[in-house]
Every structure is written in structure tokens, then in C-alpha cells.
Amino acid sequence: MANVENSSNGFSKSTNQFTAGIIVIGDEILKGQTMDTNSAFLTKKLFHLGVKVKKISVVPDELNAISDEITAFSSKFNFVITSGGIGPTHDDLTFEGIAKAFDEKLYPHPEIINVCKKFFGTDDLKNPKLKIAYVPESAKLLFGYDKISQKDLQFPLVVIKNVYVFPGVPHLMEKSFQALEDHFRNPDGKSFNSTIYLDENEYSITHIINEANQKFGSNVALGSYPKFHNNYYKVCLTLESPSKDDLDNCMTFFLKKLQHCLVTDYDRDPILNASDKVYNICQRIVSHKFDAEFCEKLSNSLKILEKCFNSYKLDEICVGFNGGKDCTALLHLVYAVIIKTRGDVSELNCLYIRRGQPFPEVEHFIKKTVKKYNIKLHTVTGRIKDALISFKSVKPNFKAVIMGTRLTDPHSSHLQDFSPTDEGWPEYMRVHPILHWTYGELWSFIRNLSLPYCSLYDVGYSSLGSMENTHPNPSLQRTDSKGNISYNKAYTLTDFTFERSGRN
Ligand SMILES: Cc1cc2nc3c(=O)[nH]c(=O)nc-3n(C[C@H](O)[C@H](O)[C@H](O)COP(=O)(O)OP(=O)(O)OC[C@H]3O[C@@H](n4cnc5c(N)ncnc54)[C@H](O)[C@@H]3O)c2cc1C
Ligand SMILES: [Co+2]
Ligand SMILES: [K+]
Ligand SMILES: [Mg+2]
Numbered sequence: 001m002a003n004v005e006n007s008s009n010g011f012s013k014s015t016n017q018f019t020a021g022i023i024v025i026g027d028e029i030l031k032g033q034t035m036d037t038n039s040a041f042l043t044k045k046l047f048h049l050g051v052k053v054k055k056i057s058v059v060p061d062e063l064n065a066i067s068d069e070i071t072a073f074s075s076k077f078n079f080v081i082t083s084g085g086i087g088p089t090h091d092d093l094t095f096e097g098i099a100k101a102f103d104e105k106l107y108p109h110p111e112i113i114n115v116c117k118k119f120f121g122t123d124d125l126k127n128p129k130l131k132i133a134y135v136p137e138s139a140k141l142l143f144g145y146d147k148i149s150q151k152d153l154q155f156p157l158v159v160i161k162n163v164y165v166f167p168g169v170p171h172l173m174e175k176s177f178q179a180l181e182d183h184f185r186n187p188d189g190k191s192f193n194s195t196i197y198l199d200e201n202e203y204s205i206t207h208i209i210n211e212a213n214q215k216f217g218s219n220v221a222l223g224s225y226p227k228f229h230n231n232y233y234k235v236c237l238t239l240e241s242p243s244k245d246d247l248d249n250c251m252t253f254f255l256k257k258l259q260h261c262l263v264t265d266y267d268r269d270p271i272l273n274a275s276d277k278v279y280n281i282c283q284r285i286v287s288h289k290f291d292a293e294f295c296e297k298l299s300n301s302l303k304i305l306e307k308c309f310n311s312y313k314l315d316e317i318c319v320g321f322n323g324g325k326d327c328t329a330l331l332h333l334v335y336a337v338i339i340k341t342r343g344d345v346s347e348l349n350c351l352y353i354r355r356g357q358p359f360p361e362v363e364h365f366i367k368k369t370v371k372k373y374n375i376k377l378h379t380v381t382g383r384i385k386d387a388l389i390s391f392k393s394v395k396p397n398f399k400a401v402i403m404g405t406r407l408t409d410p411h412s413s414h415l416q417d418f419s420p421t422d423e424g425w426p427e428y429m430r431v432h433p434i435l436h437w438t439y440g441e442l443w444s445f446i447r448n449l450s451l452p453y454c455s456l457y458d459v460g461y462s463s464l465g466s467m468e469n470t471h472p473n474p475s476l477q478r479t480d481s482k483g484n485i486s487y488n489k490a491y492t493l494t495d496f497t498f499e500r501s502g503r504n
């Protein structure tokens with residue numbers, strides 16, 4: 001993202017003395033070969049330090065591009081933070097660019113030469129590794145302190161006037177910045193934040209945001225962020241102010257004006273403390289959302305999973321995961337149980353049997369989920385039985401498959417919590433923790449915990465097979481006064497017997 005400018009206004013004087021601009025330097029970013037994660041890291045950090053980032057710019061490895069941006073930024077912002085372009089090769093021009101901007105020369109800095117000698121074992125100025133020692137004449141060095149290892153960092157940060165030169169390699173940049181963050185901290189930078197989630201298009205609430213900005217904008221910074229692929233909200237409003245009272249007043253205004261589309265109890269990170277959140281439901285700590293019957297069922301589901309993890313080793317267990325709603329809830333339960341019993345899930349295996357023509361939305365969701373839960377996905381293509389046969393031969397270690405099957409699924413009414421596969425199928429123990437859940441209970445669990453789920457369930461699909469045999473559910477269809485057809489969301493289906501009406 002090149003040239004992102006914050007459209008903020010209204011900060012107290014003290015905060016105004018803490019502004020920053022970030023310059024990301026590198027051809028590879030402008031060519032799309034590397035994704036810039038450094039500015040995301042820096043903006044988040046600086047925000048929490050009470051420093052207002054006013055602009056982010058991405059420039060190529062060109063001397064003039066760098067020096068022009070340094071000139072512009074250094075006169076406008078208190079801190080100019082650069083990332084990249086300080087390596088040993090010809091295309092690393094950050095120090096040259098800064099020298100040019102300030103009309104200075106490069107010279108080999110004696111202290112950096114010393115550091116190089118320690119690091120690289122040489123202080124030979126002709127060695128390409130020593131290129132990093134050539135800095136503008138007015139350069140000062142900052143030595144950071146790593147709070148985690150409780151050690152001073154060996155490599156200094158080079159500062160030229162108000163320009164702070166960070167390395168481009170993300171883990172080095174992050175380490176270096178963290179060790180120096182007190183240098184950037186705004187002592188008066190207390191800021192109060194609130195977030196509001198809305199189930200309404202940004203256009204239909206723009207007038208309310210504008211009105212709020214007129215009323216409160218001088219004291220409260222408002223941000224409006226539309227989100228196109230979230231199951232729970234369409235717009236996220238952020239409020240930020242140095243004064244708690246101002247923030248509260250603005251908040252009260254929004255809550256009144258936007259009550260028709262407020263999303264309440266949205267959990268933006270359901271995976272954080274997932275175990276506590278899930279087990280607390282059984283303790284009926286959040287009982288108002290779930291009835292006693294469901295709490296009992298959930299408690300039983302967790303017991304089945306605990307028994308499964310007691311009976312099999314982690315590398316003998318696979319979760320059948322096809323991106324559907326059932327295994328979405330299931331995976332979260334499995335995750336909660338593993339965290340509770342083991343503390344981490346780095347080794348959880350999932351099996352995805354890729355059948356027919358899968359929906360791209362489903363596969364996109366699978367990809368995102370794999371990343372989010374940090375699971376290991378084994379993908380096997382083909383008809384289920386054939387796929388399981390070949391999976392067994394390649395990965396003979398797996399003995400149990402945890403599945404999201406429910407009693408109301410076809411041919412499933414005879415299943416037990418633990419059912420070995422049938423005669424003629426490869427040998428697995430099928431584990432069915434949510435066998436007794438109803439369609440409604442499943443959605444209530446997913447939605448109340450704010451679990452992300454496949455987007456097709458928000459556009460009329462209530463049961464997902466592959467593209468050739470799955471359609472939106474006719475029971476969810478609605479027709480407006482002009483005769484346009486659209487579909488309600490899957491979780492609104494009231495007659496559960498129609499769950500599979502879109503399947504053939
Ligand atoms: C591991 C395994 C063992 C099976 N053993 C038998 C058996 O012994 N006898 C028999 O008759 N049938 C067996 N089947 C087939 C099963 O009964 C269903 O026919 C099949 O799951 C498709 O069901 P569905 O589309 O109706 O339900 P879905 O609701 O799609 O599936 C129910 C659950 O099964 C798992 N699952 C389904 N499809 C996939 C997939 N493509 N990739 C990964 N996981 C998936 C998920 O956990 C899902 O939540 C087995 C399937 C699997 C995945
Ligand atoms: Co089926
Ligand atoms: K399904
Ligand atoms: Mg199902």
C-alpha cells in the first residue's frame with residue numbers, strides 16, 4: 001500500500017509534537033514481490049506509544065526518490081522512520097539518499113567500524129560488509145535495550161537529525177524498534193479507544209459519521225473501516241481521544257444514532273483464550289446465551305474429545321475438515337480441548353478430502369482457517385472411500401478421525417460417539433463429538449462465539465457439498481416488491497428439516 005494518509009484531525013497540542021512518517025524503501029515492494037509488513041508493525045506500535053503516524057510512503061531504490069521523500073518528511077513530521085536499503089549491495093541507497101537530502105557527505109563512522117569488527121571480524125573498509133559503516137556526517141547512534149533477553153543490542157540504530165534508519169528485514173526491524181520504543185514514547189500520549197461494529201453499509205451511515213465528526217472531531221479521532229468479508233459486521237468504527245469524557249460523549253452519540261445496526265458482543269479474536277471461553281459456557285458462566293440442554297450437550301462434546309485425546313496420541317488423530325459449518329464448530333472445540341489439556345496446538349492434523357468441483361469460497365475459507373488455527377492440513381483428492389484408502393497408505397499413523405457429523409445427516413442416525421468405520425472401509429475410529437447437536441444449536445454456538453465461517457452460508461447456502469450438487473436453499477429465498485430474488489443467511493433457517501434442501 002503506497003501513500004496511505006491518515007485523515008485524522010483534532011489532537012491536543014502535546015500529541016501534535018509526536019507525529020511520524022514512515023518511508024518504506026525497496027523495489028521489491030513496489031513490484032509486489034515482497035509484502036510490506038513493516039509499516040503495519042510500526043503503525044501499530046507507534047499508535048500505542050501515543051505517536052500519530054501521518055503518512056506512509058513506499059519508494060524505489062533510487063537515490064532521488066529517497067532523498068526527495070526524506071526532505072519532504074523530515075520537515076513535516078517529528079520522527080521519520082525508514083525501513084530498508086541499508087544492506088551491502090549497490091541497490092541499497094538509503095544512507096546516500098539521506099546524505100543528499102541534508103547535503104551531507106558519507107564517512108566511515110568509527111563506532112560502527114568497531115561494531116563491524118566484533119560482528120564480521122573485520123574492520124577493512126574495502127570489505128563490502130563495511131558499507132554499512134558509511135553514514136552521513138551528522139549521524140548519531142542509539143543503542144537499544146532488549147527487554148526480553150535483558151541485554152543491550154549489539155548493533156546500533158543510526159539517526160540522522162530526525163530520521164531513524166531501520167533495517168528492512170522484518171524480524172531485525174521489529175527487534176530493533178522494540179529495543180528503542182521508549183525513545184519514541186509520548187509521555188502525555190494517553191489515549192482512550194473504542195470500537196463499534198455495524199451491520200450496515202458505510203454509505204448509509206456516512207451522514208451520521210459526518211455529524212459526529214462535526215460535533216466531536218476536534219477532540220476525538222474517528223475512523224471508519226468497511227469490511228467486505230466478515231460474517232458479523234460491515235463497518236468498524238474506531239474512536240480515539242486523549243480525553244475519556246470526550247470519548248464517552250461521542251460514544252453515547254453513536255450508540256443512540258446507530259442502535260438499528262449495532263453488532264453487540266462481537267469478539268474480534270475468538271481464538272484468544274478459546275479454551276476458557278468454551279469451557280465457561282458449560283459452567284454456565286455465560287449461560288444467558290445458551291439453554292441448559294445445550295450446555296449439557298456441549299459439556300458432553302468436550303468429554304468425548306478429552307476421551308479421544310486420552311486414548312490416542314496427537315499424531316494418531318486427524319480432524320475431518322472440509323470447510324463446512326459443522327467441522328468449523330468442531331475444529332474450535334478440538335482447539336479448545338487441546339489448549340486446555342496440552343497448552344499448544346502446533347501439531348494438530350486435519351484431513352480435507354477434495355471432492356468434485358469444490359467452491360472457491362470453501363477452499364479460501366479452509367486456507368484462512370489453517371493459518372488462523374495453525375493446523376497441518378492433509379489434502380487428498382477423490383471419492384471419500386478411495387481418498388481414505390490412499391491416505392491410509394501414505395500416512396498409516398492416523399487411527400482416529402474426529403468428524404462433524406450430526407444424527408440428522410443422511411445415513412447417520414445409527415452412529416455413536418465412537419464408531420469404527422464400516423466393513424469394507426479403511427480402518428479408522430470415527431469420533432463424533434457434535435452428533436447430538438441440532439442445526440440451530442450449531443449456529444448459535446458459531447455465532448455467539450463470533451467464529452468465522454465460510455461466506456456461502458451468508459448468501460443462502462445452508463449445507464455445502466461441491467459446486468455440481470449444491471445450490472442456495474430455496475427455503476431461505478425471499479423476493480422483494482420489485483420481484484428481485486435474494487437469500488437469507490443460513491443461521492436464520494427456522495425449520496431445520498430443510499437444512500439440505502439446496503443439495504441434490
Ligand atoms: C473419515 C471418514 C470416514 C468415513 N467412514 C465411513 C464409513 O465407515 N461408512 C460410511 O458409510 N461412510 C463413511 N464416510 C462417509 C460419510 O458417512 C459421509 O458420506 C461423508 O462424510 C459425506 O457426508 P455429508 O456430505 O452428508 O456430510 P458432511 O456434513 O459434509 O460431513 C460430516 C463431517 O464429515 C467430515 N467430512 C465430510 N466430508 C469431508 C471431506 N471431504 N473431507 C474431510 N472431512 C470431511 C467433516 O468432519 C464433516 O463435518 C466417512 C467419511 C469420512 C470423512
Ligand atoms: Co451425503
Ligand atoms: K457441511
Ligand atoms: Mg454436515
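FYI, full-length UniProt numbering numbers position 346 of the sequence shown as 346, with every residue one higher than the one before it.
Just so you know, even glycine gets a beta-carbon here, dropped at the ideal spot from N, CA and C.
Keep in mind that this is a model prediction, so the values were computed, not measured.
Distance, Val59 Cα to Ala65 Cα: The alpha-carbon separation between Ala65 and Val59 amounts to approximately 6 Å.
Please determine whether the Cβ atom of residue 505 lies at a distance below 8 Å from any heavy atom of ligand 1. Because the chain here runs from 1 to 504, residue 505 falls outside it and cannot be looked at.
Using 9 Å as the threshold, is the C-beta distance between Ile23 and Ser75 below it? no
Could you tell me how far apart the beta carbons of Ser138 and Ile160 are, in whole angstroms, since I believe they sit closer than 8 Å? 6 Å
Tell whether a beta-carbon distance below 9 Å holds between Phe254 and Ala212. For Phe254 and Ala212, yes; Cβs fall inside 9 Å.
Less than 8 Å between C-beta atoms, sequence neighbours within five positions excluded: which residues of the same chain meet that for Ala40? none
For Ile281, the nearest candidate out of Glu69, Asp344, Leu305, Leu333 (CA to CA): Checked all of Glu69, Asp344, Leu305, Leu333; the closest Cα to Ile281 is Leu333.
Per DSSP, what are the beta-bridge partners of Ile402 in this structure? When beta bridges are read from the DSSP output, Ile402 appears opposite Val319, Val431.
Could you pull the start and end residues of the alpha helix (DSSP H) that Asn263 belongs to? The sequence given here has Val at residue 263, not Asn. Looking at the DSSP string, Val263 is not in any alpha helix (DSSP H), and its letter there is neither H nor E.
Closer than 8 Å: is that where the CB of Phe321 sits relative to any heavy atom of ligand 1? yes
Is Ala221 close to chain B, meaning its C-beta is less than 9 Å from at least one C-beta of that chain? Included in the structure is just one protein chain, with no chain B present.
Counting pairs of beta carbons, one from the stretch 368-383 and one from the stretch 348-357, are three or more of them closer than 8 Å? yes
Once DSSP output is grouped into helix, strand and coil, what is the label at Pro110? helix
Does the beta-carbon of Thr43, which I'm using as the reference point, lie nearer than 8 Å to any heavy atom of ligand 1? no
Neighbourhood of Gln416 by C-beta distance below 6 Å, restricted to the same chain and skipping five residues each side: none
Looking at the unbroken alpha helix (DSSP H) that takes in Tyr352, where does it start and where does it end? That residue, Tyr352, is in no alpha helix (DSSP H); its beta strand (DSSP E) goes 349-354.
Pick helix, strand or coil for His207, following the three-state DSSP scheme. helix
Does the separation of the CB atoms of Ser444 and Arg430 fall below 9 Å? no
Closer than 8 Å is the cut-off here; do at least three beta carbon pairs connect the stretch 90-105 with the stretch 51-58? no
Count the other C-beta atoms from every protein chain shown that fall within 10 angstroms of the C-beta of His109, then say buried if there are 16 or more, exposed otherwise. buried
Any idea what DSSP makes of Ala139, helix, strand or coil? coil
Is Ser301 near ligand 1 - that is, is its Cβ less than 8 Å away from at least one heavy atom of it? No - ligand 1 has no heavy atom lying nearer than 8 Å to the Cβ of Ser301.
According to the neighbour-count rule (16 or more other Cβ atoms, all chains shown, within 10 Å of its Cβ), is Ile384 buried or exposed? exposed
Gly189 and Pro242: beta carbons closer than 9 Å? yes
Helix, strand or coil for Val334, going by three-state DSSP, please let me know. In the structure shown, Val334 sits in a helix (DSSP, three-state: H, G or I).
Just to confirm before moving on: does the CB-CB distance between Lys227 and Cys236 stay below 9 Å? yes
Entirely within the stretch 214-272 and at least 3 residues each: give me those beta strand (DSSP E) ranges in chain order. Qualifying beta strand (DSSP E) stretches, in chain order: 221-226, 235-241.
Could you check what DSSP says for Pro360 in three-state terms: helix, strand or coil? DSSP, reduced to helix, strand and coil, places Pro360 within a helical segment of the structure shown.
How many whole angstroms separate the CB atoms of Ile81 and Phe166, which I take to be in contact at a CB cut-off of 8 Å? That pair is a contact at about 6 Å.
May I have the straight-line CA-CA distance separating Lys45 from His432, to the nearest angstrom? 44 Å
Within 10 angstroms of its Cβ, does Ser204 collect 16 or more other Cβ (buried), or is it exposed? Looking at its Cβ environment, which holds fewer than 16 other Cβ atoms inside 10 Å, Ser204 is exposed.
Return the first residue and the last residue of the alpha helix (DSSP H) that Val278 is part of. 274-282
With contact counted as at least three CB pairs below 8 Å, one residue from each stretch, are the stretch 387-404 and the stretch 482-491 in contact? With the cut-off at 8 Å, the stretch 387-404 and the stretch 482-491 do not touch.
Rounded to whole angstroms, what's the CA-CA distance from Phe216 to Asp152? Just pull it up for me. 44 Å
Three-pair Cβ contact test at 8 Å for the stretch 464-471 versus the stretch 350-369: yes
May I ask you to check if the CB of Leu153 is nearer than 8 Å to at least one heavy atom of ligand 1? no
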